[in-house]
Each structure stands twice: as C-alpha cells, then as structure tokens.
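Colleague: Residue numbers (the working numbering): -16 to 517.
Note that CB positions come from ideal geometry on N, CA and C, so glycine has one too.
There's a structure below that I have some questions on.
Here it is, written out as structure tokens:
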C-alpha cells in the first residue's frame, strides 16, 4: 500500500516547505524507495499558465504537458524524477472539476457542498498521484499556512485521508518558525505552539515538527515544544539556515528524519546512498572562480521568473567548477538610444535569451542576439530566444528587412515565425500551446548532435508559434544550420551557426530537465564555451 507524507506550514510563509518536502523525498529515494511528489496550491487559477511571471514566477512544465507551479521544478531537480499531471493541484482545478460534474449530473441532483464533494475531489487527486506514479511513498506539500481560508478544504481532506488509511500509512510534517528575539537573546516557541494548536483544532496531530531556526536548538527548547505540541522530542527537527541549500537533506539525515518516517510506516530501513549528493555539496562549497553570463529577459524584476534557467546555468557551472554570476539585463533597456551594449555586456562571457510571450522588449532581445552573433560571444537561445535568433539572422544576414513573428506583427511581409495552420482557428488562450515532451531528431556533424551524442531526444515545450518552413531555403543558403527537427510535424526545433564559437538556439525548454548532479547538455556546452572566451 502506498504511504503518504503531508507537509504543512505555519506562522509565516516562505519557511521552505518545498525544500523540506524535496529533502524528505530525496532521503527516502536514497534508501531505495520509489517516491513521487505533489503540490496543492490554494489559489483559484486552474493552473499558473496564464499568470503574470512578474507576480507568480516561472511556469514549470511537466513531461506530459501540464503547466505547473515553479515548486515542481525544485522537486524534480532534487529527486531526479519526472512528475506528471497529478503533481500540481489548485483550488481552481478542484472547483472547476466539481462544477463540471454537477452540470453533467454526476451528483444525481444532490446539494453540492464543501464536504463531501470538494473534499472527495481533493482526496481523489491525492490517491491519483499514487496510482499514476506507482510510488511507494507520495510526498504532498500544502501551499500557504494553516489558518488560510483558501486552504481549509485541503486540511480537512488530509484529516479524512488519515482517518481512511490509518496512522501507519500517513505522516504529517509541520514546518514552523522558531524566531530569535534580539535583546532578550532567546528563541521563542509560542508561535510554533499556536500553529500546532490551530492544526490540532482542525483534527490533525503532526507527527514531526521542522523548526526554521538561525542556529541549532538546545534540549530545553525541544523539550518545551515536545510537551506543548505532544510530539516526541526526537521528532523535532532543526532546519538551520544554510549557505548551501543542498546541505539541508544531509542536515535532516543526521537527525534521522527519514528513519522516523519509515519507522511509523513499518517499512524496512534500507541502506542509504547519498554519495552523489555529498559530492555535490563538496563541489558547491569549494567554488571559487566566477563566470558571468548575461540573461536578457523581459521579466527580470522577479528573478524567480527564470528560476529553472538560472539553476540550469548553476548546474553546468558545478561541472566545470565555476560559480555562475548572472548579469540581469532588462531587454527593454536595450531598446533605448542611450543603451551601450559594449558596456552592458563588458564582463559577460556568454549571452542567454530565454522564453517569453508578447511584444514588449522584443527588439532589445534581437539587439542582444545580434551583438552575440557579430562579436562572437557564446550564445544560447531558448524558445522565444530561438525564434528571435531566426528573425535577427533573416533581417541582418538574409536582408529580409520586414522579418518578424506574427505574434508581434500579424501583417508583416516576412513571417519567419507563425502559427501552424491547424492552430489558427483556435482562439482560446492557453489552448494553442505546444506543451510537454516532443521528439526531436538531430542532424549528425552538428553542435546539437555533439552535445547530446544521440540521434533522437525528448524535450519539453511551451510555446504557440513555430518556425515558418517557407524560409528554410534562404536561411540555410546564408549559413543558418537547422540541426534538430520534429519529423512527425516537420517542425524546426534547433538552429545553430558554424562560423561562431558557440551559437545555438532551441524551440524547447532544456532548463526543465537539468539536474544539480546531471547538467543539461545544451547548458553545459554553452557554459563551457563561455568559460573559454578570452
């Protein structure tokens, strides 16, 4: 029978529930168990797909084409497992499903209520995560904090799950803050006590506390928390502030967190293998030399809008023992007459143009691509970055002055980037995207093939517009190399240039498949080339 670990939060948001959940999953996987992760978000958007990146951050895409919260990126990077459609559930998705069932008559005319209809739908999603993944243990994080109105039905559903499955199949982890009060020079347990009381009032007794603290707590603090919260003292885990986020799972391991969970589940304590993770920590802790990479984006006000790209760059940096420094460049700033690109990119050894939607800042991105191409600076274009690289090449090398995308200029004479014919009749926002894994065949004797070292790859997509094949011939005659193609739909996936130290761009999002211990080939190639730039 599948076991379930539920991670809740109290006192304040931002305590690191996602990292706690990921760390638990990592430790259990290291002991040989098949794990799967899930996130419940209290907001009423059906998914983050149409949410503003500057407000919400990056939209992470699973292999099966679901647009999800960026926390799923953290999960996948930590546990190196591909998640799916059942991994990110929002209030919006739950209520939409229930209302659709009511309209369809599935409830046979019954009065539809929070309990049991909404809670049953939530429980179905929890159990679905187990069946879709065939995991031994599912770890579910509940967004927000205990007491949030939007999360009430989630908490009630967890209570019902525990009642249905029994305490030997469920484990509740509650993340709280134990603040340090300057002046009195002491840690305060009352916020945690009150948070646990709130949770117990809703019918849930946490099995373990994860206390966010600036330094390790003493026995007096743990004894007090144990007494007032009815939790064994050994089940009170310190989550100490660290400089290296990868240290957190090891800190939990040293406190026997995984053993505590497996003991309650009556599961064998298999031997743990954390060697690769420990090696990673050693590498990260000993990085000395910096390598600056310019990231030219339109959402740079919120760095989380590009969190997977940044992490993928870091992973590649670990492989070559370099600490990656990001030069955050707002593409709109490059459009100003006063913009001096030579000054802006003075210390940057590589230029990366990531994905995005809409016409704002587009010409600035094209200027950055032109600067990288002409000045032989290593370049990596992702999604929109590839589309703009094609447009820049068409304008400045092929002399197609009106080259553009119909996304930005529907009436342009040379639509290098356009909707596929079968998309043009679809107007529902979010319904026209190419999402999730698609095959790409690589052309031998190209940089793409050199990077991947295989004939066919699977990569995740999130875009609406495609390369217009009517312009293939003129681009190739002028030196553009098409090195990756989706044969099924005859779609261009990767382009590159020969007479350049490193110029490659792809329609897909390689950042979603990068891992701390296994950097993505395109990012590793890019960062390695940047490191060689004189």
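Got a sec: is the Cβ-Cβ distance from residue 37 to anything in chain D below 8 angstroms?
Modeller: Of the chains in the structure shown, none is chain D; there is only one protein chain.
Colleague: Quick one: Cα of residue 418 to Cα of residue 32, how far?
Modeller: Sequence index remark: in the chain shown, residue 418 carries index 435 (1-based). Sequence index remark: in the chain shown, residue 32 carries index 49 (1-based). The alpha-carbon atoms of residue 418 and residue 32 are separated by roughly 11 angstroms.
Colleague: Going straight from the alpha carbon of residue 442 to that of residue 215, what length do you get?
Modeller: Here the question's residue 442 lines up with position 459 in the chain shown. Here the question's residue 215 lines up with position 232 in the chain shown. Near 46 angstroms, if we compare the C-alpha coordinates of residue 215 and residue 442.
Colleague: Are the Cβ atoms of residue 139 and residue 98 separated by less than 8 angstroms?
Modeller: Numbered from 1 along the chain shown, position 156 holds the residue referred to as residue 139. Numbered from 1 along the chain shown, position 115 holds the residue referred to as residue 98. A contact, by the Cβ cut-off of 8 angstroms.
Colleague: Among the candidates 373, -10, 274, whose CA atom is the shortest distance from the CA of residue 450?
Modeller: Working through the chain shown from its first residue, we reach residue 450 at position 467. Residue 450 has its Cα closest to that of 373, out of 373, -10, 274.
Colleague: Considering residue 399, what are the terminal residues of the beta strand (DSSP E) in which it resides?
Modeller: Position 416 of the chain shown holds residue 399. First-last of the beta strand (DSSP E) with residue 399: 397 to 401.
Colleague: Between the alpha carbons of residue 198 and residue 73, how many angstroms are there, rounded?
Modeller: Residue numbering aside, residue 198 sits at position 215 when the chain shown is read from its first letter. Residue numbering aside, residue 73 sits at position 90 when the chain shown is read from its first letter. Those two C-alpha atoms are separated by around 34 angstroms.
Colleague: Are the beta-carbon atoms of residue 439 and residue 464 separated by less than 8 angstroms?
Modeller: Taking the chain shown and counting its residues from 1, the one referred to as residue 439 is at position 456. Taking the chain shown and counting its residues from 1, the one referred to as residue 464 is at position 481. Not a contact, by the Cβ cut-off of 8 angstroms.
Colleague: If I measure Cβ to Cβ from residue 47 and keep anything under 8 angstroms in the same chain, skipping five residues before and after, which residues do I get?
Modeller: The sequence position of residue 47 within the chain shown is 64, counting from 1. Hits under 8 angstroms: 67, 68, 419, 420.
Colleague: For residue 432, which residues of its own chain have a beta-carbon under 6 angstroms away from its beta-carbon, when the five flanking residues on both sides are left out?
Modeller: Position 449 of the chain shown holds residue 432. Cβ neighbours of residue 432 beyond the five flanking positions: 425.
Colleague: Once the 5 residues before and after residue 259 are set aside, which same chain residues still bring their CB inside 7 angstroms of it?
Modeller: Position 276 of the chain shown, counted from the start, is the residue given in the question as residue 259. Around residue 259: 500.
Colleague: Nearest-angstrom Cα distance between residue 239 and residue 477?
Modeller: Locating residue 239 in the chain shown gives position 256, where the first residue counts as 1. Locating residue 477 in the chain shown gives position 494, where the first residue counts as 1. Each residue's alpha carbon lies about 46 angstroms from the other.
Colleague: Please give me, in chain order, every unbroken run of the alpha helix (DSSP H) with length at least 4 that falls completely inside the segment 120 to 186.
Modeller: Correct list: 135 to 148, 173 to 184.
Colleague: Got a sec? Which residues, its chain only, sit under 8 angstroms from residue 282 by beta carbon, not counting five neighbours each side?
Modeller: What you label residue 282 is simply residue 299 of the chain shown in a count that begins at 1. Contacts found: 36, 37, 288, 289, 339.
Colleague: Is it a yes or a no for the segment 124 to 140 touching the segment 222 to 240, going by three-plus beta-carbon pairs under 8 angstroms?
Modeller: Taking 8 angstroms as the limit for Cβ pairs, the verdict is that the segment 222 to 240 does not touch the segment 124 to 140.
Colleague: Can you have a look at residue 354 and say buried or exposed, based on whether 16 or more other CB atoms are within 10 angstroms of its CB?
Modeller: For the purposes of this step, residue 354 is identified with residue 371 of the chain shown, where counting begins at 1. Looking at its Cβ environment, which holds 16 or more other Cβ atoms inside 10 Å, residue 354 is buried.
Colleague: From which residue to which residue does the beta strand (DSSP E) around residue 358 run?
Modeller: For the purposes of this step, residue 358 is taken as residue 375 along the chain shown, with counting starting at 1. That residue, residue 358, is in no beta strand (DSSP E); it is neither H nor E in DSSP.
Colleague: Tell me which same chain residues have a C-beta within less than 6 angstroms of the C-beta of residue 24, skipping the five on either side of it?
Modeller: Indexing the chain shown from 1 puts residue 24 at position 41. Result list for residue 24: 52, 73, 126, in chain order.
Colleague: Please list the terminal residues of the continuous alpha helix (DSSP H) segment that includes residue 458.
Modeller: As a first step, residue 458 is located in the chain shown; it is residue number 475 there, counting from the start. Segment 455 to 460, the alpha helix (DSSP H) holding residue 458.
Colleague: Could you check how far apart the C-beta atoms of residue 292 and residue 278 are, in whole angstroms? I think they sit under 8 angstroms.
Modeller: The sequence position of residue 292 within the chain shown is 309, counting from 1. The sequence position of residue 278 within the chain shown is 295, counting from 1. Sure, about 7 angstroms apart at Cβ, within 8 angstroms.
Colleague: Going by DSSP in three states, residue 212 sits in which element: helix, strand or coil?
Modeller: Within the chain shown, the letter at position 229 stands for residue 212. Helix at residue 212.
Colleague: Can you name the start and end residues of the beta strand (DSSP E) that residue -15 belongs to?
Modeller: Taking the chain shown and counting its residues from 1, one reaches residue -15 at position 2. Taken as a continuous stretch (DSSP letters only), residue -15 belongs to no beta strand (DSSP E), as it is neither H nor E.
Colleague: Kindly provide the ranges of any alpha helix (DSSP H) runs that are 4 or more residues long and lie completely inside the segment 315 to 351, ordered along the chain.
Modeller: Complete alpha helix (DSSP H) runs here, min 4: 324 to 327.
Colleague: With a Cβ-Cβ cutoff of 8 angstroms, do residue 307 and residue 296 count as a contact?
Modeller: Start at 1 with the first residue of the chain shown, and residue 307 comes out as number 324. Start at 1 with the first residue of the chain shown, and residue 296 comes out as number 313. In this structure, residue 296 lies closer than 8 angstroms to residue 307 by Cβ.
Colleague: Give me, in chain order, the residues of the same chain whose beta-carbon lies closer than 7 angstroms to that of residue 384; leave out the 5 immediate sequence neighbours on both sides.
Modeller: Within the chain shown, numbered from 1, the residue matching residue 384 stands at position 401. If we look at residue 384 and ignore the five residues flanking it on each side, its Cβ neighbours are 378.
Colleague: Using the Cα positions of residue 3 and residue 270, report the straight-line distance between them to the nearest angstrom.
Modeller: In the chain shown, counting from the first residue as 1, residue 3 sits at position 20. In the chain shown, counting from the first residue as 1, residue 270 sits at position 287. Residue 3 and residue 270: Cα-Cα distance of roughly 25 angstroms.
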